[in-house]
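Take a look at the structure set out below.
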Amino acid sequence: MDKNTTVYRQRRGKANESGKAMQAGRRLTAFAALCIITVYFAMIGSSVALRLEWIMKVQIVPVALSVSGSLILIWGLLTLLFGRIYCSMVCPVGIMQDIAARLPRASSRLSRRHPYRYHAPHNRFRYAWLAVTVVTAAAGLSIILSLFDPDTAFSRIMTCLVRPLIDAGAGRTVAAGSAAGIVTALLTLAVIVIVPLRRGRLLCNTVCPVGAALSLVSRNSVYRMDINTDLCVNCGRCERVCEAECIDYKEHSVDMSRCVVCFNCTAECENGAITYTRRRHHLSIPMLMKQPPQRAATMSAGPAARQTITSESPKSPQ
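Numbering (our numbering), first residue to last: 12 to 329.
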């Protein structure tokens with residue numbers, strides 16, 4: 012084994028280990044955020060909930076409705092730097108979808124039977140839907156925002172479904188919610204669980220107003236997923252684990268407007284070909300690059316023939 016091969020394997024192994032570490036860190040952060048938000052709603056009104064109230068002050072829609080310019084600016088800058096980390100680490104509905112998506116893929120065998128595939132973005136729909144949501148909310152009609160905002164959706168599930176069960180288990184008086192609220196909460200929970208089973212983060216990249224708004228910024232994020240075409244072997248493993256269905260491995264491209272920075276792809280790639288970086292990879296030897304006939308013949312010929320071709324080539328006038 013030559014030195015270059017050894018160095019290549021070491022770099023490949025380090026890239027894969029780094030990808031797995033980022034995936035583990037992201038999952039741990041997301042789990043902690045979901046636990047904090049769940050405890051907040053489960054114990055709302057208590058001193059514990061008051062100490063955890065800060066978690067709701069970093070949710071995007073409540074921040075936007077309170078017109079807190081500084082926090083909106085902070086989330087905008089974070090998204091511009093790192094992509095849609097809000098969707099993967101802070102959004103409660105997004106984290107619930109990640110958990111639901113893992114159910115049919117709990118083992119490698121099941122994962123092979125339920126792979127994701129690249130799908131073209133629904134940009135016209137999601138941005139038109141975002142415009143409708145913003146206009147109706149500005150006009151005082153908040154029904155669309157209340158139905159599709161992830162923070163409100165999670166609050167509805169906790170208030171109408173989970174909190175009554177907790178109160179009943181603790182022997183406290185159960186506040187009877189409206190039938191419409193309970194039905195809406197059940198439908199919301201069903202959609203959040205069922206859709207990711209087959210299509211991963213489809214909801215985040217179609218009807219979610221927060222996802223659509225952040226995608227306008229994340230498409231130009233500084234740190235992004237980059238595929239090293241010198242290392243990629245076109246196995247398609249990154250595409251099969253991409254919950255956002257935004258990796259086209261055949262074209263070696265990642266749609267960062269839809270990527271939720273889950274790091275599943277970086278952890279899956281054994282070759283270290285896909286990385287989260289601010290650099291943009293360029294081929295060390297560009298493929299299919301058109302060469303002048305003389306140079307093409309020289310490069311394809313053997314050493315002896317190459318010397319003959321070079322000696323016979325006309326020299327440029329002095």
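A virtual CB, placed ideally from N, CA and C, is assigned to each residue, including glycine.
* Have a look at residue 227 and residue 268 and give me their C-alpha separation to the nearest angstrom. => Approximately 7 Å between the Cα atoms of the pair.
* **Alpha carbon of residue 255 to alpha carbon of residue 168, nearest angstrom** => Cα to Cα, the separation comes out at about 24 Å.
* **residue 245 classed as buried or exposed, judged by whether at least 16 other C-beta atoms fall within 10 angstroms** => Classification for residue 245: exposed.
* residue 257 versus residue 165: straight-line alpha-carbon distance, rounded -> Put simply, the backbone Cα of residue 257 is about 25 Å away from that of residue 165.
* Asked: For residue 238, does the three-state DSSP call read helix, strand or coil?
  -> Strand, per DSSP.
* **Identified DSSP bridge partners for residue 258** => According to DSSP, residue 258 bridges with 265.
* Asked: What first and last residue would you give for the beta strand (DSSP E) that runs through residue 138?
  -> Counting along the chain, residue 138 falls outside any beta strand (DSSP E), though it belongs to the alpha helix (DSSP H) covering 134-149.
* Does the distance from the C-beta atom of residue 37 to that of residue 229 stay below 9 Å? -> Cβ atoms of residue 37 and residue 229: not closer than 9 Å.
* Quick one: what does DSSP say residue 287 is sitting in, helix, strand or coil? -> Three-state DSSP puts residue 287 in a strand.
* To do: Kindly provide the ranges of any alpha helix (DSSP H) runs that are 4 or more residues long and lie completely inside the region 184-231, ordered along the chain.
  => Unbroken alpha helix (DSSP H) stretches of 4 residues or longer found wholly inside the region 184-231: 190-210 and 220-229, given in chain order.
* To do: Going by CA-CA distance only, name the one from 130, 92 and 200 that's closest to residue 233.
  => Checked all of 130, 92 and 200; the closest Cα to residue 233 is 92.
* Go through its chain and collect everything with a Cβ distance to residue 113's Cβ below 7 Å, but skip five positions before and after it. => Within its own chain, no residue has a Cβ closer than 7 Å to the Cβ of residue 113 once the five positions on either side in sequence are excluded.
* Asked: Does any residue of chain C bring its CB to less than 9 Å from the CB of residue 133?
  -> In summary, chain C is missing from the structure at hand, where a single protein chain is found.
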